[in-house]
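Asker: Sharing a structure with you now.
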């Protein structure tokens with residue numbers, strides 16, 4: 001949510017093409033996470049919506065999929081793609097060849113990501129005949145001194161100048177031969193070592209793999225010291241003595257390479273990038289072979305494609321009649337609700353870019369049908385208000401009771417949070433009504449409301465607090481001493497930490513009928529643009545007056561529906577009440 005809100009703020013500042021990159025701490029799809037519990041869908045939807053609101057698109061990448069790892073051994077290993085580059089359509093039109101590459105990491109839990117603005121940044125330089133240069137990195141090896149000494153100790157015949165030239169040549173040949181057999185291509189060895197480390201990181205983490213990784217890192221440090229000497233020698237700069245170990249910097253200072261128009265990589269038909277020359281050639285040939293050999297489908301092929309089987313019918317009317325005859329009445333009801341949710345999901349996908357997976361859709365449809373059945377049953381069996389419903393009871397002594405509740409506004413994709421604080425006499429000490437954006441899951445909404453209530457009570461300076469809500473799942477989680485590993489575990493932990501700041505704090509469950517005041521304040525948040533807080537005698541009279549007017553309007557509107565709904569903010573031993 002924080003990343004999404006920040007992107008929306010940045011979007012409103014100007015209309016220039018823009019690129020945004022870094023650690024978003026969010027993922028877009030479930031396949032961008034590996035290990036432990038899956039990411040909750042509403043968080044991914046919120047990130048999708050934030051990118052859509054800003055007109056940003058995720059840039060394609062090459063390399064290992066995940067950019068973050070907790071570096072724990074199995075089965076506690078978690079990998080996610082948290083780092084990415086996103087850009088607007090205007091920016092991508094300005095840099096059509098931009099490419100992102102995920103690099104390997106050594107010490108950090110995040111992998112660096114590199115953005116290439118032009119294809120030719122990825123090209124390898126043309127091989128040219130190289131002059132012999134004595135490499136300063138050779139001095140690190142004792143064999144270098146021995147080779148030079150043996151070359152200069154040889155006895156040569158001829159004039160002194162010829163002897164010197166011959167000894168220099170022997171020294172050059174000996175050093176080059178030794179370099180090829182012992183040191184080799186330092187950059188190639190670095191790449192090979194990095195590949196080995198990356199392979200270890202992609203596999204399950206064990207003690208053996210961690211030890212092997214440490215040894216490879218030590219070898220890599222030595223190779224990079226040699227590489228630093230190599231580029232320092234070519235840069236003719238003294239910045240290395242001041243501690244700058246960025247060899248890419250020295251590389252750029254040392255050489256300006258000629259750029260040629262060249263295809264560095266190409267995506268094949270299977271979706272994978274081909275970077276090797278032969279692989280690129282095969283992918284291009286295969287594409288044009290398929291392009292020029294593709295023909296229009298024959299009538300027989302079309303008939304075979306429309307062939308009716310177990311999962312597909314080419315006659316909607318006969319299919320509907322068969323479904324209607326096979327399903328029982330309660331199954332038919334669920335089938336109709338699922339169809340309706342499929343249609344809603346289709347509209348959400350097209351117009352808002354958010355969608356539910358099959359299991360989530362079926363679960364939502366089942367809950368909706370159960371809710372409808374219970375409502376119909378209540379109307380039939382209990383057409384009049386229940387006189388035996390649970391009512392609010394005041395706390396004891398110097399304790400205060402904080403009632404909290406949440407209301408979901410699905411069309412706006414928001415939630416309302418209602419909080420009311422009363423003392424042992426039932427007097428309202430404070431109340432809060434607040435709208436929170438981007439939350440549509442009931443379980444998360446109730447957990448967030450509990451957190452808001454705990455913070456509100458702490459900010460008001462209460463010491464002995466009873467927190468009361470009608471979400472039994474949340475209350476049980478708050479009273480449990482076990483670690484909560486569900487999607488709301490982090491919120492539950494935050495509420496518990498705040499609770500420890502009070503002198504004493506308890507959590508208890510109450511039915512909806514005893515929590516109507518907090519529920520009314522939660523629904524009232526629908527019309528708000530910012531949080532509304534009531535405190536003190538004057539504002540307590542204001543909230544009572546507001547509730548009384550709500551009671552009259554609600555009673556008139558619902559009189560023709562055969563039931564009467566009441567909002568009641570109970571006040572012990574007091575005739576003052578708030579109606580809904």
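Numbering (the UniProt record's numbering), first residue to last: 1 to 580.
Glycine included, C-beta positions come from ideal geometry on N, C-alpha and C.
Being a predicted model, the structure only gives us computed values, none of them experimental.
Can you list, in chain order, the residues of its chain with a C-beta nearer than 8 Å to that of residue 10? Leave out the 5 residues immediately preceding and following it.
Answerer: If you ignore the 5 residues before and after residue 10, its C-beta comes within less than 8 Å of the C-beta of 18, 20, 54, all in its own chain and listed in chain order.
Asker: Report, in whole angstroms, the separation of the C-beta atoms of residue 63 and residue 101, which I expect to be a contact under 8 Å.
Answerer: Right, the Cβ-Cβ distance comes to about 5 Å (below 8 Å), so this counts as a contact.
Asker: Is the separation between the beta-carbon of residue 419 and that of residue 408 shorter than 8 Å?
Answerer: no
Asker: Residue 156 and residue 167 - do their beta-carbons sit closer together than 8 Å?
Answerer: yes
Asker: So if DSSP puts residue 430 in a beta bridge, which residue, or which two residues, is it bridged to?
Answerer: 421, 535
Asker: Assuming residue 147 and residue 175 are in contact, meaning their beta carbons sit under 8 Å apart, how far apart are those beta carbons, in whole angstroms?
Answerer: 6 Å
Asker: With a CB to CB cut of under 6 Å and the five nearest residues on each side skipped, what residues in its chain are close to residue 126?
Answerer: Note that residue 126 has pLDDT 40, beneath the 50 cutoff, so the model's placement of it is unreliable and no number is given.
Asker: Within the stretch 42–105, note down every full beta strand (DSSP E) run reaching 3 residues or more, in order along the chain.
Answerer: 56–58, 83–88, 99–102
Asker: Is residue 413 helix, strand or coil when you go by DSSP?
Answerer: coil
Asker: Sorted by chain position, which residues of the same chain lie with C-beta nearer than 6 Å to residue 163's C-beta, five sequence neighbours on each side aside?
Answerer: 156
Asker: Counting Cβ pairs, one atom from each stretch, are 3 or more of them under 8 Å apart for the stretch 470–486 and the stretch 364–375?
Answerer: No, the stretch 470–486 is not in contact with the stretch 364–375.
Asker: Look at the Cβ atom of residue 15, then the Cβ atom of residue 59, and state whether they are nearer than 8 Å.
Answerer: The answer is no: Cβ separation not under 8 Å.
Asker: Give the range of the alpha helix (DSSP H) segment to which residue 35 is assigned.
Answerer: Taken as a continuous stretch (DSSP letters only), residue 35 belongs to no alpha helix (DSSP H), as it is neither H nor E.
Asker: For residue 430 versus residue 396, is the C-beta distance shorter than 8 Å?
Answerer: no
Asker: At the 8 Å Cβ level, is residue 336 part of the contact set with chain D, yes or no?
Answerer: As a matter of chain content, chain D is missing from the structure shown, which is built from one protein chain.
Asker: Which of the three DSSP states, helix, strand or coil, is assigned to residue 500?
Answerer: Coil, per DSSP.
Asker: Hey, could you find the ends of the alpha helix (DSSP H) residue 335 is sitting in?
Answerer: Start and end: 329–352.
Asker: State buried or exposed for residue 439, treating a residue as buried only when at least 16 other CB atoms are found within 10 Å of its CB.
Answerer: buried
Asker: My assumption, with CB atoms under 8 Å, is that residue 424 sits in contact with residue 392. Please give the rounded CB distance.
Answerer: The pair is not a contact, with the Cβ atoms about 13 Å apart (cut-off 8 Å).
Asker: Could you tell me if residue 131 is buried or exposed, where buried requires 16 or more neighbouring beta carbons within 10 angstroms of its beta carbon?
Answerer: Residue 131 should be labelled exposed.
Asker: Considering only DSSP beta bridges, list what residue 274 is partnered with.
Answerer: Paired residue(s): 266.
Asker: Counting only runs of 4+ residues fully inside the stretch 445–485, write out the alpha helix (DSSP H) ranges in chain order.
Answerer: Within the stretch 445–485, the complete alpha helix (DSSP H) runs of at least 4 residues are 472–479.
Asker: Can you have a look at residue 416 and say buried or exposed, based on whether 16 or more other CB atoms are within 10 angstroms of its CB?
Answerer: buried
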